[in-house]
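In the working numbering, the protein residues as written are 4 to 304.
We put the beta carbon where it would ideally sit given N, CA and C, even for glycine.
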């Protein structure tokens, strides 16, 4: 792939809207799509909403790379994509690609994102605590922040139904910003921050967390990994219990089950002298009770 990039040829993910690959696999500008991209940047800087930019691509017949209509998410990534500056890299190799957007336009668009121009709460110079968090009880429209200046120059700030703000009919009257925010904060402290409610919230949060852990495959894999780490220690413990209090000595019969020298006693430990406490009275059988007592006395003394 790196050698291909050194030749100026592209091989990678689908190209952004506005670019295409020619017959020699060089990245070139698709003028029809690029015109829509340039217009999208201009609309964003002018304060247009994402849905307006999406409609621009629909009107011009420009589709996404998978054949689907351009969505808000596509436009959102587009306005931040440095590839429109001609910045194409493949394994640290820069391709020679003509930019669609100049540096000044790209930076100006980025500044508008920093101030969240498409968000009402972000546009406001004053912090509206409830902006984009309430809905009208009459028509269901989102409540918006609003401000107006009186005859004496005093600024009045309040909340207003979104539909009514756009000229539609709604029974909800505007209400002052400070009065509503104070009432909401007071109700939150009195009704939500009680011992009973905190306990309920704690239980609910733990339930949600457990459910998320159960649904998360990574958590399941970690549990299996921890179980596998414990398995060798458990096997070693069972093996020690099976061999008894004298490591290296197995009781039983020949053929892999202990006893006389053979498959079960490859070291020939039971071939001791007649005075050895490890001598067995009958080859291939377990020691008698007197022999076991004698071995125990020898081991302890």
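Residues bridged to residue i (per DSSP)
i, result
"residue 17", "Per DSSP, none; premise fails for residue 17."
"residue 93", "96"
"residue 73", "Answer by DSSP bridge pairing: none, since residue 73 is not bridged."
"residue 179", "161"
"residue 201", "Paired residue(s): none; residue 201 is not in a bridge."
"residue 32", "22"
"residue 138", "145"
CB of residue i within 7 Å of CB of residue j, strictly
i, j, result
"residue 34", "residue 65", "no"
"residue 161", "residue 149", "yes"
"residue 56", "residue 77", "no"
"residue 91", "residue 98", "yes"
"residue 112", "residue 208", "no"
"residue 39", "residue 68", "no"
"residue 110", "residue 184", "no"
"residue 108", "residue 178", "no"
"residue 159", "residue 151", "yes"
As assigned by DSSP and simplified to three states, the class of residue i
i, result
"residue 152", "strand"
"residue 1", "A question about residue 1 goes unanswered here, because the residues of the chain that appear run from 4 up to 304."
"residue 87", "helix"
"residue 104", "coil"
"residue 46", "helix"
"residue 195", "helix"
"residue 144", "coil"
"residue 211", "helix"
"residue 167", "helix"
"residue 66", "strand"
"residue 131", "coil"
"residue 27", "coil"
"residue 114", "helix"
"residue 172", "coil"
"residue 12", "coil"
"residue 82", "coil"
"residue 61", "helix"
"residue 187", "helix"
Supposed contact pair residue j and residue i - C-beta distance, whole angstroms, cut 8 Å
i, j, result
"residue 146", "residue 165", "7 Å"
"residue 19", "residue 86", "5 Å"
"residue 100", "residue 30", "5 Å"
"residue 59", "residue 42", "6 Å"
"residue 103", "residue 21", "5 Å"
"residue 180", "residue 173", "Their Cβ separation, rounded to whole angstroms, is 18 Å, which puts residue 180 and residue 173 out of contact at 8 Å."
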